[in-house]
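Residue 205 in this note's numbering sits at position 5 of the sequence shown; the count goes up by one each step and never skips. A virtual CB, placed ideally from N, CA and C, is assigned to each residue, including glycine.
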Amino acid sequence: MLRFDPDVSGLLQQYTERGRTDLTAEDVRTYAAVMAQQARTDQLLSEGATAVHDVPGRRQATSPAQAAARFSFA
Numbered sequence: 201m202l203r204f205d206p207d208v209s210g211l212l213q214q215y216t217e218r219g220r221t222d223l224t225a226e227d228v229r230t231y232a233a234v235m236a237q238q239a240r241t242d243q244l245l246s247e248g249a250t251a252v253h254d255v256p257g258r259r260q261a262t263s264p265a266q267a268a269a270r271f272s273f274a
């Protein structure tokens with residue numbers, strides 16, 4: 201399972217940059233809270249995931265292309 205960082209400030213920055221109109225800033229905050237509560241490694245493994253991999257992002261100074269290059273789905 202790939203898990204994305206629920207960093208609220210980073211998510212809000214992406215939300216602002218993308219100009220999304222189908223979500224609100226409150227939706228983004230709610231999503232981040234749910235992820236922080238329900239996407240813990242132990243919980244995901246207990247639900248059937250065999251491995252949990254954190255996808256690096258802006259906070260780790262990693263571009264989407266660099267993050268994608270770290271994973272192989274073959």
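Exposure of residue i, with buried meaning 16 or more beta-carbon neighbours within 10 Å
{"i": "L211", "result": "buried"}
{"i": "V228", "result": "buried"}
Rounded straight-line distance, which links the Cα of residue j to that of residue i
{"i": "A239", "j": "H253", "result": "11 Å"}
{"i": "D222", "j": "A274", "result": "34 Å"}
{"i": "L245", "j": "T230", "result": "23 Å"}
Residue of the options minimising C-alpha distance to residue i
{"i": "A232", "options": "Q213, E217 and Q266", "result": "Q213"}
CB contact check: residue i to chain D, cutoff 8 Å
{"i": "D227", "result": "Absent here is chain D; the protein component of the structure consists of one chain."}
Below 8 Å, can you find three or more Cβ-Cβ pairs linking the stretch 201-208 to the stretch 247-258?
yes
Segment contact, 8 Å Cβ cut-off, at least three pairs: the stretch 205-213 with the stretch 254-265:
Yes, the stretch 205-213 touches the stretch 254-265.
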